[in-house]
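Peer 1: Residue numbers (the working numbering): 32 to 352.
Glycine included, every Cβ here is placed at the ideal spot set by N, Cα and C.
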Ligand SMILES: Cc1ncc(COP(=O)(O)O)c(C=O)c1O
């Protein structure tokens, strides 16, 4: 297949079965790490830019873009901006892995790292305050704002959720990790509009405020928030599971050694969510788990024994996986 540029490439039809992950049920891991920029966020990045262009808020040749990202949206936007010629600044934080920063810089983006956590241990307030300062100083700077933009939700409604329906037909459970909640909200919208009946289970990290918890220091990028994303709304139509980060890491290692697949940290979290629900899931269920990215970026952190020994709260006894 020949594409004119990378924004046209969407690898939305790759599912890996995980035999015996939940004995008696079929578990399909939806692999998003084979999209351009290596994560689920590419679809959101393309739509954020294209919708802003359609609305006239983003003007080719004049506008510059700023975004707050813990990594994957930053890399994805770096690809889109390289293709379309927009100067880009990404505001990240200390949780962003070095390889993500290097990727953004290699693609031509400026990366600003927030080093001081908020009073509540997260970085999001600080990152957004910095974006606000930059916007005040530059009239040509545009903030696409993945936490507020409908384009983030619609990208997943029209691609991620649709492709699951197209490829797998009827399913019983859909497990989705929650960061900005764009994926979750898009999948819920698709289910509602198409009158589907599967249960959606939203999975977040302990130490995130999205499901009403207290904000605490977290280490796995992508999931969780120290400030409620504007696009998130809880209408009671989905189930919520909160996972401690040591269970996420344990699942990453388990999947690597059992299925030969290096998954990203948030995939470990979502799979730990499935494990936590195992007594409530009837045998014979068809379960889809969205895997937002793969593990290459995390080899020197979540997969490194040395790094884990420096972060002992992330270590869990292997026997309890
Ligand atoms: C690795 C990873 N997992 C999960 C998510 C969460 O996706 P969403 O922002 O759609 O909730 C992200 C978002 O950046 C991510 O990068």
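Kindly give me the distance between the Cβ atoms of residue 287 and residue 326, rounded to whole angstroms, as I take these residues to be in contact under 8 angstroms.
Peer 2: Their Cβ separation, rounded to whole angstroms, is 7 angstroms, which keeps residue 287 and residue 326 in contact under 8 angstroms.
Peer 1: Is it buried or exposed, residue 125, if we count other Cβ atoms within 10 angstroms and call 16 or more buried?
Peer 2: It is exposed - the Cβ of residue 125 has fewer than 16 other Cβ atoms within 10 Å.
Peer 1: So the alpha helix (DSSP H) residue 95 belongs to, where does it begin and stop?
Peer 2: Here residue 95 belongs to no alpha helix (DSSP H); instead the beta strand (DSSP E) covers 95-99.
Peer 1: Under the rule that 16 or more other beta-carbon atoms within 10 Å means buried, what is residue 216, buried or exposed?
Peer 2: Counting Cβ neighbours within 10 Å, residue 216 comes out buried, since at least 16 surround it.
Peer 1: What separation, rounded to the nearest whole angstrom, lies between the Cα atoms of residue 153 and residue 195?
Peer 2: Spanning the two alpha carbons is a distance of roughly 33 angstroms.
Peer 1: Give the range of the beta strand (DSSP E) segment to which residue 208 is assigned.
Peer 2: Unbroken beta strand (DSSP E) run through residue 208: 204-208.
Peer 1: What number of angstroms, rounded off, separates the C-alpha of residue 247 from the C-alpha of residue 317?
Peer 2: In a straight line, the C-alpha of residue 247 is about 34 angstroms away from that of residue 317.
Peer 1: Where does residue 285 sit, in a helix, a strand or coil, going by DSSP?
Peer 2: Three-state result, residue 285: helix.
Peer 1: Name the two residues that bound the continuous beta strand (DSSP E) containing residue 61.
Peer 2: It spans 57-62 - the beta strand (DSSP E) in which residue 61 sits, taken as one unbroken run.
Peer 1: If you scan the stretch 190-242 from start to end, which runs of the alpha helix (DSSP H) of 4 or more residues do you find wholly inside it?
Peer 2: For the stretch 190-242, whole alpha helix (DSSP H) runs of length 4 or above, ordered along the chain, are 193-199 and 213-224.
Peer 1: If you draw a straight line from the C-alpha of residue 350 to the C-alpha of residue 127, how long is it?
Peer 2: Confidence at residue 350 is low in this model, with a pLDDT of 45, below 50, so the placement of that residue should be treated as unreliable; the coordinate-derived value is given next. Between residue 350 and residue 127, the C-alpha separation is close to 30 angstroms.
Peer 1: Only counting the same chain, and skipping five residues up and downstream in sequence, which positions put a Cβ closer than 6 angstroms to that of residue 198?
Peer 2: Cβ within range, chain order: 44.
Peer 1: Would you call the stretch 204-221 and the stretch 173-187 touching, i.e. three or more CB-CB distances under 8 angstroms?
Peer 2: Flag = yes, the stretch 204-221 and the stretch 173-187 touch.
Peer 1: Is DSSP giving residue 350 helix, strand or coil here?
Peer 2: In this prediction, residue 350 has a pLDDT of 45, which is less than 50 and means its spatial position is unreliable; what the coordinates show is noted afterwards. Three-state result, residue 350: helix.
Peer 1: For the beta strand (DSSP E) containing residue 123, name the first residue and the last one.
Peer 2: First-last of the beta strand (DSSP E) with residue 123: 119-124.
Peer 1: Ignoring anything shorter than 4 residues, give me the alpha helix (DSSP H) runs that lie fully in the stretch 161-186, in order along the chain.
Peer 2: Correct list: 181-186.
Peer 1: If contacts are defined as beta-carbon pairs under 8 angstroms, then residue 58 and residue 305 qualify, I think. What distance do you get, rounded to the angstrom?
Peer 2: Right, their Cβ atoms sit about 7 angstroms apart.
Peer 1: So, helix, strand or coil for residue 270, using DSSP?
Peer 2: Residue 270 falls in the strand class under three-state DSSP.
Peer 1: Can you tell me the Cβ-Cβ gap for residue 74 and residue 211, rounded? I've got them flagged as a contact below 8 angstroms.
Peer 2: 13 angstroms between Cβ atoms; not a contact.
Peer 1: Going by alpha carbons, who is nearest to residue 80 out of 234, 98, 271 and 295?
Peer 2: Nearest C-alpha to residue 80: 98.
Peer 1: For residue 354, report the span of its alpha helix (DSSP H) as first-last.
Peer 2: Any answer about residue 354 is impossible in this case: the structure gives the chain only from 32 up to 352.
Peer 1: Just to confirm my understanding: we take residue 41, look at its own chain, exclude 5 residues before and 5 after, and list those with CB closer than 7 angstroms. What are they?
Peer 2: The answer, listed in chain order, is 66, 74 and 190.
Peer 1: Leaving aside the five residues before and after residue 134 along the sequence, list all residues of the same chain whose C-beta is less than 6 angstroms from its C-beta, in chain order.
Peer 2: Once the five neighbours on either side are set aside, the close Cβ partners of residue 134 are 106.
Peer 1: Quick check on residue 127: does DSSP put it in helix, strand or coil?
Peer 2: Correct three-state label for residue 127: coil.
Peer 1: Where does residue 9 fall in DSSP's three states?
Peer 2: Any question about residue 9 goes unanswered here, given that the chain covers just 32 to 352.
Peer 1: If you count every other CB in all the chains shown that lies within 10 Å of the CB of residue 109, and 16 or more means buried, which is it?
Peer 2: Buried, by the Cβ-count rule.
Peer 1: Sort 254, 111, 82 and 101 by Cα distance to residue 36 and report the nearest one.
Peer 2: Looking at the Cα atoms, 111 is the closest of the given residues.
Peer 1: Quick check: is any heavy atom of ligand 1 less than 7 angstroms from the C-beta of residue 194?
Peer 2: No, ligand 1 has no heavy atom inside 7 angstroms of this Cβ.
Peer 1: First and last residue of the beta strand (DSSP E) that includes residue 322?
Peer 2: Per DSSP, residue 322 belongs to the beta strand (DSSP E) from 317-322.
Peer 1: Would you check whether ligand 1 has a heavy atom nearer than 7 angstroms to the C-beta of residue 115?
Peer 2: Residue 115: no, Cβ never under 7 angstroms from ligand 1.
Peer 1: Does ligand 1 have even one heavy atom less than 7 angstroms from the beta-carbon of residue 209?
Peer 2: Yes, the Cβ of residue 209 comes within 7 angstroms of a heavy atom of ligand 1.
Peer 1: Say yes only if the C-beta of residue 332 is nearer than 7 angstroms to one or more non-hydrogen atoms of ligand 1, and no if none qualify.
Peer 2: Checking the Cβ of residue 332 against ligand 1 gives no.
Peer 1: Measure the CB-CB distance between residue 203 and residue 177 and report whether it falls below 8 angstroms.
Peer 2: Against a cut-off of 8 angstroms, the Cβ pair of residue 177 and residue 203 comes out as no contact.
Peer 1: At a cut-off of 7 angstroms, is residue 14 close to ligand 1 when judged by its beta-carbon and the heavy atoms of the ligand?
Peer 2: There is no way to answer for residue 14, as the model of the chain reaches only from 32 to 352.
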